[in-house]
Amino acid sequence: MSWKLGRRPAGDRSDGPAGPGRGSVPRRLHLPAFRPPKGRLRRRLSAAARLVAALAIVGGLYTMFAPGVTQAEDTPPLSSTAEQGKRLYETTCVICHGRNAQGVEGRGPSLIGAGSAAVEFQVGTGRMPMARQEAQADRKPPHYTWDQARQIGAYIQEIGGGPQLPEGDRLRDTSDGAISRGGELFRINCSACHAFGLGGGALSSGKYAPALDNSTDRMIYAAMLTGPQNMPVFGDNQLTPDEKRAIIGYIQTLNEDKDPGGFGLSRLGPVPEALVIFLVGMVALVFATLWIAGKS
Ligand code: HEC
Ligand code: HEC
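Note that the numbering used here has the sequence shown beginning at 16, numbered continuously upward.
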């Protein structure tokens, strides 16, 4: 008989008189089996309540002790110069460069990271605001004064960062050593496009490197820092600030003493100068030879 019971499933109701007695055991066993979920639920609920309370306390403390931090992250306050610049930006530049200077598809590039140097250069030389789409935004009489260009530059700098001109106005070095060093650096880095005599020259597809006879110190410094259009960027790793000042010293000295050697040949550079000397000299020699031959 015992083997028979052992083989039967525990809850088998067709077990005769022994059935109810054994059937009650599994029922009692079921009851404790239901209780643990209730305990677990309670434990989970109280854990959740504690978590919510802890989060509320941490959140409250954070806003109490760090209101400045959250504010600074959301809207960095602009300096008063940048506020003025923002107003100018929103009247003329926003159509092409977008509300937060993020650029407008098909109209103008993003200015995030362009820096105040690029803005000073573009606005101070009259290239911006651009009148119409063309191969190269030309230099033209500026729409804004250089001070206004600096204000717009401060705004773009504060929202997006980027290269900046150094403080102060000492941007040229005209000591003797600096001028010759500047000349050397100019011939290596700049003359390929701007010509030895600063006259500028044509580049490919309708673009050109302008003459440098009308550029202020800030313009030249900003051009080197930002590399407008096809001009390469000369960051402080390529040309140190002192080297930049020497180059500016050289350019402005060349601009100031107009051709000390006499007739400048439109400053076409040493090769055309040599060619002219050669041609003039050869013609003179030929005539001299003919004259001598005719006499004898
Ligand atoms: C009609 C559209 C237009 C307007 C208006 C305009 N820009 Fe631009 N801007 C352009 C385009 C297109 C370029 C890119 C071509 C180029 O560099 O010549 C550009 C380039 C620039 C750059 C050079 C970006 C770089 O990465 O070097 C700066 C800086 C700039 N603009 C600033 C301004 C400011 C400041 C104003 C307002 C005073 C302004 N622009 C108004 C169209 C415009
Ligand atoms: C690959 C050719 C190239 C080289 C090299 C180059 N530039 Fe330029 N540069 C240009 C072009 C192109 C422009 C005109 C950009 C524009 O209109 O947006 C320019 C513009 C300038 C301007 C602005 C002139 C104005 O009237 O507004 C200055 C200043 C300048 N360059 C200085 C330099 C100096 C200094 C060097 C050497 C350290 C140099 N450039 C090297 C191509 C060059």
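Think of the CB as a built atom: it goes at the ideal place given N, C-alpha and C, for glycine as much as any other residue.
ask   = Roughly how many angstroms separate the alpha carbons of P285 and V295, rounded to a whole number?
value = As a first step, residue 285 is located in the sequence shown; it is residue number 270 there, counting from the start. As a first step, residue 295 is located in the sequence shown; it is residue number 280 there, counting from the start. Spanning the two alpha carbons is a distance of roughly 15 Å.
Residues near L227 by beta carbon distance below 6 Å, same chain, minus five either side = Looking up residue 227 in the sequence shown gives position 212. Around L227: H209, L213 and I266.
request  = Could you check the C-alpha separation between A164 and Y170 for me, to the nearest Å?
outcome  = For the purposes of this step, residue 164 is identified with residue 149 of the sequence shown, where counting begins at 1. For the purposes of this step, residue 170 is identified with residue 155 of the sequence shown, where counting begins at 1. Distance from the CA atom of A164 to the CA atom of Y170, rounded to whole angstroms, is 10 Å.
task = Give the straight-line distance between the Cα atoms of E288 and S125, rounded to the nearest whole angstrom.
result = Walking along the sequence shown from the start, residue 288 turns up at place 273. Walking along the sequence shown from the start, residue 125 turns up at place 110. Answer to the nearest angstrom: the Cα atoms are 45 Å apart.
inquiry  = Going by DSSP in three states, A217 sits in which element: helix, strand or coil?
reply    = Along the sequence shown, one-based indexing puts residue 217 at 202. Strand, per DSSP.
query = Given a threshold of 16 other Cβ atoms within 10 Å of its Cβ, counted over all protein chains shown, does Y77 qualify as buried or as exposed?
reply = Position 62 of the sequence shown, counted from the first residue, corresponds to residue 77. Exposed is the call here.
task = From the DSSP output, in three-state form, read off V119 for me.
result = Position 104 of the sequence shown, counted from the start, is the residue given in the question as residue 119. If DSSP states are grouped into helix, strand and coil, V119 belongs with the strands.
ask   = When DSSP labels each residue in this structure, what does A210 get in the three-state scheme?
value = In the sequence shown, residue 210 corresponds to position 195, counting from 1. Three-state DSSP puts A210 in coil, outside helix and strand.
message = Please list the terminal residues of the continuous alpha helix (DSSP H) segment that includes V248.
response = Here the question's residue 248 lines up with position 233 in the sequence shown. Per DSSP, V248 belongs to no alpha helix (DSSP H) and is neither H nor E.
query = Where do the ends of the alpha helix (DSSP H) carrying V133 lie?
reply = Residue 133 sits at position 118 when you count from the first residue of the sequence shown. Position check: residue 133 holds Ala in this sequence, whereas Val was assumed. Element bounds for A133: G130 to G139.
ask   = Does the Cβ-Cβ distance between A261 and I194 come in under 9 Å?
value = In the sequence shown, residue 261 corresponds to position 246, counting from 1. In the sequence shown, residue 194 corresponds to position 179, counting from 1. Yes.
key: Cβ neighbours of R185 in the same chain (closer than 6 Å, five flanking residues each side left out)   = On the sequence shown, residue 185 is found 170 positions in, with the first residue counted as 1. If we look at R185 and ignore the five residues flanking it on each side, it has no Cβ neighbours.
message = Among the candidates A146, M246, G139 and A64, whose CA atom is the shortest distance from the CA of L218?
response = Position 203 of the sequence shown, counted from the start, is the residue given in the question as residue 218. It is M246 whose Cα lies nearest to the Cα of L218.
query = Nearest-angstrom Cα distance between S311 and S190?
reply = Taking the first residue of the sequence shown as position 1, residue 311 is located at position 296. Taking the first residue of the sequence shown as position 1, residue 190 is located at position 175. Taking the straight line from one Cα to the other gives about 57 Å.
ask   = Three-state secondary structure (DSSP) at A224?
value = Position 209 of the sequence shown, counted from the first residue, corresponds to residue 224. A224: strand per DSSP, three-state reduction.
heavy atom of ligand 2 below 8 Å from N245 C-beta = Locating residue 245 in the sequence shown gives position 230, where the first residue counts as 1. N245 Cβ: within cutoff of ligand 2.
Proximal residues to L93 (C-beta, below 6 Å), its chain only, five neighbours per side dropped = Here the question's residue 93 lines up with position 78 in the sequence shown. E173.
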